[in-house]
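Listed below in structure tokens is the structure:
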């Protein structure tokens, strides 16, 4: 089933009691569950091996709090899905997926927790700074939830879904694709298992989910290769034995004292907390828009407020990672996911995080066997931006993609040069430019990429539709956001990139002149398409 195809809608039935579990929920549970599992495996690796966080903090404090937050989130969105199905009388409603915000996971680790932990010589202080970061982001989400519906109303769908597709291509699809080809014997094989089922319609015996078969195949290849000394996937019995040391039962405990200790780093934290709070607002709007394009309308204010409240609860219990509605709703819906898969995933996370099972799974499953599922979701969301918007807006979708590619390329360059003990600025822009690396352009265009993509995409949509006044309004909004560092900059401030801000003002003026004086060629009748309407 494609990203945009829908199950036949049930007739409206008064007093309908929605089904809590369907056959398709098994597929969605395994697909979404493995997505969450991958994120938790990565998160645990970052805490243990990058931040050097003590095991008692990782498995005794942080992961139990993560489990509680994600259980509250998935249970709440299952409830919203139930209410929507009951209200509409439909049996194809899919609950919103949610969990740890993956971009934020890397940002809080590498921008907040790692530098502060390294400077203080104490990784626990880095953890405390991360808690304060989430504390402020939670309130930004709660307050912003009342503004977001208006922003969503005036912003074209192609801009919202285009910038979301940029996140999907650059930060969801690329890494799994690279992992697949790093160990292709496992990666490509598992990808084929998933492709023929989820895109090709092949049904496996006894209805076994494709994701489960893919992971089983990956484990068989990885562990079987050890018999021949090939060691595909890096699995070993010794790692499994070591993992049992982290078994136990830990429940989340209040971490109020750690949160307040983190306020010592407030100045450093606010520089990133404010722009990424805005990122959260836009990302949540994008993902709610994505769900609506797939037929399920959820109230943006309730979604954002819930993310803020749930993140705050997690923070106060020791979780330095923020909750977010996930990209990927159309994917889980196309697999047959409805309501139950969301709540079941929350229960799964509780078991994994409170009993220390994550460490064992890290030692048993080759990550490359799970990577194809993430690549599938990335493909589906990238395609949705084109499939659910008028074809004439396709150039705007491409434009909205580009800032994320810039941010992704800059991240790779920064990480590579950092490992070599240098930086782009130390090497020099001229030397990098001489070999075709326009680093400064990547830096400026990729700063605040999700907002840049949204603004550029909206300008392009309104220009394509000959609505130059609305395009000028978005250009002026871009000028203001850029002036204060929310776009095209690394930090919040005054006149962060004044040249770019001035450029947006000039563009806005030019568009207003076009709106008033230009002779404009009308759109050909064949190109005047109605916006695809969400199913009600």
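Residue numbers (the working numbering): 2 to 537. Note that beta-carbon positions come from the ideal geometry of N, C-alpha and C, so glycine has one too.
Beta-carbon separation of residue i and residue j under 7 Å?
| i | j | result |
| --- | --- | --- |
| residue 402 | residue 332 | no |
| residue 455 | residue 283 | yes |
| residue 131 | residue 109 | yes |
| residue 390 | residue 159 | yes |
| residue 476 | residue 509 | yes |
| residue 100 | residue 299 | no |
| residue 138 | residue 323 | yes |
| residue 30 | residue 345 | yes |
| residue 497 | residue 486 | yes |
| residue 234 | residue 386 | no |
| residue 453 | residue 404 | yes |
| residue 66 | residue 347 | no |
| residue 281 | residue 165 | no |
| residue 383 | residue 98 | no |
| residue 462 | residue 253 | no |
| residue 342 | residue 33 | yes |
| residue 311 | residue 70 | yes |
| residue 395 | residue 458 | no |
Out of the options, point me to the one whose CA is closest to residue i's CA.
| i | options | result |
| --- | --- | --- |
| residue 430 | 421, 420, 422, 414 | 414 |
| residue 196 | 524, 214, 517 | 214 |
| residue 314 | 73, 445, 469 | 73 |
| residue 513 | 474, 490, 499 | 474 |
| residue 90 | 18, 115, 229 | 18 |
| residue 95 | 461, 233, 337 | 337 |
| residue 217 | 481, 35, 425 | 35 |
| residue 409 | 439, 435, 450, 383 | 450 |
| residue 260 | 28, 136, 523, 226 | 136 |
| residue 302 | 466, 152, 458 | 152 |
| residue 501 | 201, 441, 212 | 441 |
| residue 22 | 64, 506, 80, 42 | 80 |
| residue 82 | 428, 296, 156 | 296 |
| residue 107 | 462, 495, 412 | 412 |
| residue 493 | 467, 504, 448 | 448 |
| residue 114 | 202, 321, 78 | 321 |
| residue 400 | 32, 85, 167 | 167 |
| residue 64 | 128, 116, 118, 85 | 128 |
| residue 134 | 316, 120, 200 | 316 |
Taking all protein chains shown into account, decide if residue i is buried (16 or more other Cβ within 10 angstroms of its Cβ) or exposed.
| i | result |
| --- | --- |
| residue 93 | buried |
| residue 334 | buried |
| residue 446 | buried |
| residue 534 | The pLDDT assigned to residue 534 is 38, lower than 50, so where the model puts this residue is not dependable; a value taken from the coordinates is nonetheless given after this. The residue is exposed, with fewer than 16 neighbouring Cβ atoms inside 10 Å. |
| residue 541 | Since the first residue shown for the chain is 2 and the last is 537, residue 541 is missing from the structure and cannot be characterised. |
| residue 339 | buried |
| residue 258 | exposed |
| residue 520 | exposed |
| residue 518 | exposed |
| residue 264 | exposed |
| residue 20 | exposed |
| residue 416 | exposed |
| residue 525 | exposed |
| residue 523 | exposed |
| residue 228 | exposed |
| residue 255 | exposed |
| residue 40 | buried |
| residue 28 | buried |
| residue 3 | Since pLDDT at residue 3 reaches only 36, below the 50 mark, its modelled position is unreliable, and the value read off the structure follows with that caveat. Per the 10 Å Cβ criterion, exposed. |
| residue 424 | exposed |
| residue 15 | Confidence is the limiting factor: at residue 15 the pLDDT is only 49, short of 50, which leaves the residue's position unreliable and the question unanswerable from this model. |
| residue 219 | buried |
| residue 205 | exposed |
| residue 392 | exposed |
Does any residue of chain B have a CB that is nearer than 7 Å to the CB of residue i?
| i | result |
| --- | --- |
| residue 256 | As a matter of chain content, chain B is missing from the structure shown, which is built from one protein chain. |
Pull the bridge partners of residue i from the DSSP assignment, please.
| i | result |
| --- | --- |
| residue 99 | 326 |
Can residue i be considered in contact with the ligand MG, in the sense that its beta carbon sits closer than 6 Å to one or more heavy atoms?
| i | result |
| --- | --- |
| residue 98 | The ligand MG is not among the ligands present in this structure, which contains no ligands whatsoever. |
For the segment 374-389 and the segment 172-189, state whether three or more C-beta atom pairs, one from each stretch, are separated by less than 8 Å. Contact check between the segment 374-389 and the segment 172-189: three or more CB pairs, one atom from each, fall below 8 Å, which counts as touching.
How do the segment 49-60 and the segment 118-138 stand: do at least 3 beta-carbon pairs fall below 8 Å, yes or no? The segment 49-60 is in contact with the segment 118-138.
Any chance the segment 32-50 sits against the segment 229-240, with 3 or more Cβ pairs inside 8 Å? no
Within the chosen definition, does the segment 362-371 reach the segment 185-196 through at least 3 CB pairs nearer than 8 Å? yes
Is the segment 350-361 touching the segment 297-313 in the sense that three or more CB pairs, one from each, lie closer than 8 Å? Contact fails: fewer than three Cβ-Cβ distances are below 8 Å.
Counting pairs of Cβ atoms below 8 Å between the segment 162-175 and the segment 346-354, do you hit three or more? no
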